[in-house]
Amino acid sequence: YRNAQKKPGPLKRRVSVYGNASLLMPAFATPLNTRASITALKALWPPNPQLQVVFFSSSYLKALDRLWKARGLTEKRLSTGFMLINVALELCDHVDVYGFWPFSINLKKQSIPHHYYDNNIPRVSLHYMPEEFVRLLQLHSQGALTLHLQPCS
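Per the working numbering, residue 3 is the first one in the sequence shown, and the count goes up by one each step.
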């Protein structure tokens with residue numbers, strides 16, 4: 003949604019399907035995220051009472067980064083998906099994770115896109131998705147979350 007500020011319609015339509023929901027964005031993780039988050043906020047203005055745009059606290063992101071670095075994650079920055087899973091673990095009694103798959107092929111050896119909305123490959127210098135995936139597998143085996151790896155039916 004690079005052109006969301008000039009043409010907000012597609013973004014508004016995309017998020018409207020979620021009804022009464024919050025759009026949580028890592029606005030203060032990087033300058034690029036700040037620009038994208040502000041653009042999304044402006045595109046969705048005036049606020050829809052059914053949709054609340056929420057930005058991660060920069061102190062929360064720093065604490066989360068320290069937590070996972072202390073547990074051995076070596077990537078430069080946590081992925082947005084991994085951040086959101088952490089929030090869900092803090093807020094919810096049970097967490098089901100769908101679509102977090104760090105590889106370009108699925109279990110049936112079929113090519114799959116990186117994101118549901120594009121196929122831009124993450125920069126390994128920023129994220130190391132397989133390392134995050136290992137942590138999710140550990141959390142799954144400990145019963146902290148349920149990681150779903152099969153295609154949804």
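Idealized CB from N, CA, C, for every residue including glycine.
Local conformation of residue i per DSSP, three classes
i      : result
Leu46  : coil
Ile114 : coil
Ser61  : helix
Paired residues, beta bridge with residue i - DSSP
i      : result
Ile40  : None; Ile40 has no bridge partner.
Leu53  : Ala23
His150 : Tyr100
Pairwise C-alpha distance: residue j and residue i
i      : j      : result
Ser143 : Val136 : 11 Å
Lys9   : Ala38  : 14 Å
Pro28  : Phe58  : 5 Å
Leu86  : Leu80  : 10 Å
Cys130 : Leu139 : Sequence check: residue 130 is Tyr here, not Cys. Cα to Cα, the separation comes out at about 15 Å.
Leu53  : Thr148 : 27 Å
Leu151 : Lys111 : 13 Å
Ile114 : Pro132 : 15 Å
Thr76  : Gly101 : 22 Å
Where residue i falls, given that 16 or more other Cβ within 10 Å makes a residue buried
i      : result
Trp70  : buried
Ala72  : exposed
Ile107 : exposed
Phe84  : buried
Val19  : exposed
Val56  : exposed
Leu109 : exposed
Ala45  : buried
Continuous alpha helix (DSSP H) stretch holding residue i: start and end
i      : result
Thr82  : Thr82 to Leu93
Lys78  : It is not in any alpha helix (DSSP H) - Lys78 carries neither H nor E in the DSSP assignment.
Pro10  : Unbroken run through Pro10: none, as it is neither H nor E.
Leu139 : Met131 to Ser143
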